[in-house]
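Trainee: Quick note: the sequence shown uses numbering that gives the first Met the number 0, first residue 0, plus one each step.
Please see the structure below; I have some questions.
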Amino acid sequence: MASSVVVFTTPGCPYCKRAKQALSEQKVSYKEVDVSVNTELRAALKEATGQRTVPQVYAGGTLVGGSDALLAMISDGRFTQLLSQASSSQAALPEQLSSALQAADAVAAAAAPAAAAAGSELPEDLQQVLTALSDSQSGLQKQPGGSSEPPNFTGKALLDWLVQHSSSSGSSGDRAAAARRRSSCSAVADGDAQRYALRSDAVRAVPWGAALNTHFWWGPAAARPAEVVAGELRARILALYDKHLSADGRAVSYAALKQDPEFWDYVDATAELQRVDLTPLSRESLMAFAINLYNALVIHALVVHGPGQYNSSTGRIGFFQKASRYNIGGYDYVLDDLENGILRGNRPAASSIGMLLKLPRLSKGPFKGDDPRAKHVVQPLDPRIHFALVCGAKSCPPIKLYSAATLEEGLAAAAETFCASDVEIEASAKKVHLSKIFSWYFPDFGADKAARLRFLLPHLPEGKRASLEQLLAADPAAKGISVKHKPYDWTINAAE
């Protein structure tokens with residue numbers, strides 16, 4: 000019999016994990032639906048629930064709501080009562096939402112064969128060649144590497160080996176080209192002495208402060224389009240994050256992530272960023288690219304360098320401005336470069352003197368006038384990027400993987416989610432309580448206090464929006480409205 004409970008989720012969402020754990024503890028079976036990949040299904044869910052956030056739980060056709068609502072109903076017995084009242088013939092979902100889910104399932108089923116083929120990194124026969132190449136007895140003889148260089152070989156040695164083993168490898172030239180085209184081999188020296196190494200032999204450790212994706216150099220293959228590479232990397236790291244997120248959604252085991260072979264597959268895949276070209280990207284594509292990479296790089300750096308870097312203000316400065324770094328298109332970008340350089344249109348960092356003194360004109364952005372990276376910045380600035388880069392909300396926006404096509408939907412969801420949980424209105428006291436983010440990046444949200452408060456209005460839930468509208472109607476310049484900024488919790492959700 001089909002489950003009468005349906006949970007709409009997205010990968011890497013701690014509140015989805017919490018809801019699922021609560022249902023499991025109650026021994027309630029449920030159907031999980033991932034809404035992250037289907038635009039029409041997300042639209043139908045928002046239409047049915049009035050919410051962009053996940054999880055959204057239905058029981059016997061009745062909307063329960065998010066994780067907090069579910070936990071409250073379980074605690075006071077209302078959820079058990081709701082299940083007992085649901086008949087076996089009762090639909091689990093409203094008709095319109097059920098139809099949208101059936102359509103999404105049909106689309107996914109039709110796309111499954113192509114997705115499976117695309118997900119295979121290497122054709123089976125080429126994988127056999129690479130396995131044979133690595134055999135310690137009959138494989139390609141390699142020159143010893145060192146602490147920073149893997150065992151390597153010349154292109155001629157590779158071709159000679161392929162010719163010698165042609166019975167199993169087929170056309171040597173085709174095989175070599177295919178292997179190199181897919182970057183199974185990477186160059187470790189150029190010029191007349193050009194040598195190659197198998198990607199599987201790469202020394203993955205990089206020095207502190209070095210770009211985390213330079214454990215080998217990508218090539219000679221060209222990179223795919225920048226937004227494709229960044230989207231794939233974000234999808235990989237999000238799946239890993241979800242895999243190692245605790246059942247209650249409260250902690251991530253970064254130590255377990257570090258031991259997961261799939262994480263090191265992700266690390267190898269980041270090398271392709273070295274060759275991407277940002278020039279063709281539209282404003283929306285560049286925004287999606289930088290948001291996806293920022294969020295992926297945070298997790299990558301936490302795994303490699305450890306979450307202990309967050310334990311002090313000095314450690315956090317080093318984490319954001321030095322340790323968390325990718326080589327993108329031949330140039331290094333730290334987290335601050337992705338945020339303040341690309342996404343904020345080359346504006347000064349929150350830690351700069353000008354921003355600290357509330358005089359941003361006194362400081363400059365990270366890219367100087369002759370910096371080639373200054374050609375690739377987002378103009379005009381969209382302040383909602385701050386909600387996409389930092390989660391910290393009580394429920395998760397349903398898109399954590401951004402593309403040019405889903406950018407507006409994703410940013411709107413992130414803003415609504417953040418403001419719903421982090422903005423508090425005390426109408427009688429004429430006070431507004433905001434996240435510290437609104438103080439750190441104050442010029443991004445408006446020229447003055449009144450403008451910054453009006454920025455909030457379209458992103459607030461109905462009750463809070465009405466309260467703030469009344470305050471601003473009575474005091475348009477907001478001179479009598481007090482704005483307080485709540486302390487920021489830098490605690491990392493590490494399980495260790």
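Ideal placement from N, C-alpha and C gives every residue a C-beta, glycine not left out.
Here the structure is a predicted model, which is why all the values come from computation and not from measurement.
Can you give the Cα-Cα distance for ARG194 and PRO150, rounded to whole angstroms?
Mentor: Residue mapping note: residue 194 aligns to position 195 of the sequence shown, counting from 1. Residue mapping note: residue 150 aligns to position 151 of the sequence shown, counting from 1. One C-alpha to the other measures close to 10 Å.
Trainee: Of the choices ILE327, TYR330, PHE288, ILE298, whose alpha-carbon is the least far from that of PHE319?
Mentor: On the sequence shown, position 320 is the one that residue 319 refers to. Looking at the Cα atoms, ILE298 is the closest of the given residues.
Trainee: Helix, strand or coil for PHE437, going by three-state DSSP, please let me know.
Mentor: The sequence position of residue 437 within the sequence shown is 438, counting from 1. Here PHE437 sits in helix by DSSP.
Trainee: In this structure, how does DSSP classify ASP267 when only helix, strand and coil are distinguished?
Mentor: For the purposes of this step, residue 267 is taken as residue 268 along the sequence shown, with counting starting at 1. In the structure shown, ASP267 sits in a helix (DSSP, three-state: H, G or I).
Trainee: Please report the distance separating the alpha-carbon of GLY208 from that of ALA465.
Mentor: The residue you call residue 208 lines up with position 209 of the sequence shown. The residue you call residue 465 lines up with position 466 of the sequence shown. Near 48 Å, if we compare the C-alpha coordinates of ALA465 and GLY208.
Trainee: Return the CA-CA distance between ALA175 and VAL377, expressed in angstroms with no decimal places.
Mentor: Mapped onto the sequence shown, residue 175 falls at position 176. Mapped onto the sequence shown, residue 377 falls at position 378. Any reading at ALA175 must be qualified, since the residue scores a pLDDT of 47, below 50, and its modelled position is unreliable; no value is offered.
Trainee: Can you tell me the Cα-Cα spacing of PHE454 and LEU467, whole angstroms?
Mentor: The residue labelled residue 454 in the question sits at position 455 within the sequence shown. The residue labelled residue 467 in the question sits at position 468 within the sequence shown. Straight-line Cα distance between these residues: approximately 11 Å.
Trainee: Between GLY138 and the rest of its own chain, which residues show a CB-CB distance below 7 Å, the 5 nearest in sequence each way excluded?
Mentor: Stepping through the sequence shown from its first residue, residue 138 is reached at position 139. Contacts found: ALA131, LEU132.
Trainee: Are the beta-carbon atoms belonging to ALA477 and ALA494 less than 7 Å from one another?
Mentor: On the sequence shown, residue 477 is found 478 positions in, with the first residue counted as 1. On the sequence shown, residue 494 is found 495 positions in, with the first residue counted as 1. Taking 7 Å as the Cβ cut-off, ALA477 and ALA494 do not qualify as a contacting pair.
Trainee: To the nearest angstrom, report how far apart ALA58 and ALA246 are at their CA atoms.
Mentor: Position 59 of the sequence shown, counted from the start, is the residue given in the question as residue 58. Position 247 of the sequence shown, counted from the start, is the residue given in the question as residue 246. Going from the Cα of ALA58 to the Cα of ALA246 covers about 21 Å.
Trainee: Would you call THR79 buried or exposed, if buried means 16 or more other Cβ atoms sit within 10 Å of its Cβ?
Mentor: The sequence position of residue 79 within the sequence shown is 80, counting from 1. By the neighbour-count rule (16 or more Cβ atoms within 10 Å), THR79 is not buried but exposed.
Trainee: Helix, strand or coil: how does DSSP classify HIS299 here?
Mentor: Here residue 299 is taken as the residue at index 300 of the sequence shown, counted from 1. Helix, per DSSP.
Trainee: Can you list, in chain order, the stretches of the alpha helix (DSSP H) that have 4 or more residues and sit fully within the stretch 314-357?
Mentor: If we require 4 residues or more, the alpha helix (DSSP H) runs fully inside the stretch 314-357 come out as 352-355.
Trainee: Spatial neighbours of PRO323 within its chain, please: C-beta separation below 7 Å, excluding the five flanking residues on both sides.
Mentor: Counting from 1 along the sequence shown, the entry for residue 323 is found at position 324. Checking the sequence shown, residue 323 turns out to be Ser, not Pro. Contacts found: LEU296, VAL297, ALA300, VAL333, LEU334.
Trainee: Among GLU415, SER481, PHE441, which has the Cα closest to the Cα of PRO460?
Mentor: Reading the sequence shown from its first residue, position 461 is the one you call residue 460. Residue GLU415 is the option with its Cα nearest to PRO460.
Trainee: Within 8 Å, do at least three Cβ pairs link the stretch 35-48 to the stretch 95-113?
Mentor: With the cut-off at 8 Å, the stretch 95-113 and the stretch 35-48 touch.
Trainee: Using the Cα positions of ILE316 and SER2, report the straight-line distance between them to the nearest angstrom.
Mentor: Start at 1 with the first residue of the sequence shown, and residue 316 comes out as number 317. Start at 1 with the first residue of the sequence shown, and residue 2 comes out as number 3. Using only the alpha carbons, I get a separation of about 49 Å.
Trainee: Does the stretch 471-485 touch the stretch 421-432, meaning 3 or more C-beta pairs lie closer than 8 Å?
Mentor: Enough Cβ pairs lie closer than 8 Å, so yes.
Trainee: Which ranges would you report for the alpha helix (DSSP H) in the stretch 451-481 if only whole runs of at least 4 residues count?
Mentor: Complete alpha helix (DSSP H) runs here, min 4: 461-473.
Trainee: If I measure Cβ to Cβ from LEU29 and keep anything under 6 Å in the same chain, skipping five residues before and after, which residues do I get?
Mentor: Counted from its first residue, the sequence shown places residue 29 at position 30. According to the sequence provided, residue 29 is Tyr. The question's Leu does not apply to it. So the qualifying residues of the chain are SER2, VAL4, VAL6, LEU22.
Trainee: Could you give the distance in angstroms between the alpha-carbon of GLY340 and the alpha-carbon of PRO379?
Mentor: Here residue 340 corresponds to residue number 341 of the sequence shown, with the count starting at 1. Here residue 379 corresponds to residue number 380 of the sequence shown, with the count starting at 1. One C-alpha to the other measures close to 13 Å.
Trainee: Per DSSP, what kind of secondary structure is ALA58 in: helix, strand or coil?
Mentor: Position 59 of the sequence shown, counted from the start, is the residue given in the question as residue 58. Note: ALA58 maps to strand in three-state DSSP.
Trainee: On the DSSP letters alone, give me the boundaries of the alpha helix (DSSP H) that ASP421 sits inside.
Mentor: Taking the first residue of the sequence shown as position 1, residue 421 is located at position 422. Here the alpha helix (DSSP H) through ASP421 covers 406-421.
Trainee: Give me the Cα-Cα distance between LEU388 and PHE288, rounded to the nearest whole angstrom.
Mentor: Within the sequence shown, numbered from 1, the residue matching residue 388 stands at position 389. Within the sequence shown, numbered from 1, the residue matching residue 288 stands at position 289. Approximately 12 Å between the Cα atoms of the pair.
Trainee: Taking 8 Å as the cut-off, does the stretch 252-264 touch the stretch 409-426 (at least 3 CB pairs, one atom from each stretch)?
Mentor: With the cut-off at 8 Å, the stretch 409-426 and the stretch 252-264 do not touch.
Trainee: In three-state DSSP terms, what is ASN151?
Mentor: Reading the sequence shown from its first residue, position 152 is the one you call residue 151. Residue state, collapsed to three classes: strand.
Trainee: Below 8 Å, how does it come out for the stretch 55-74 and the stretch 436-449: are there three or more Cβ pairs, yes or no?
Mentor: With a cut-off of 8 Å, the stretch 436-449 and the stretch 55-74 do not count as touching, because too few Cβ pairs lie within range.
Trainee: Could you name the residues of the same chain whose beta carbon sits closer than 7 Å to that of ARG203, not counting the 5 residues immediately before and after it, in chain order?
Mentor: Taking the sequence shown and counting its residues from 1, the one referred to as residue 203 is at position 204. Excluding positions up to five away in sequence, the list reads HIS214, TRP263, VAL266.
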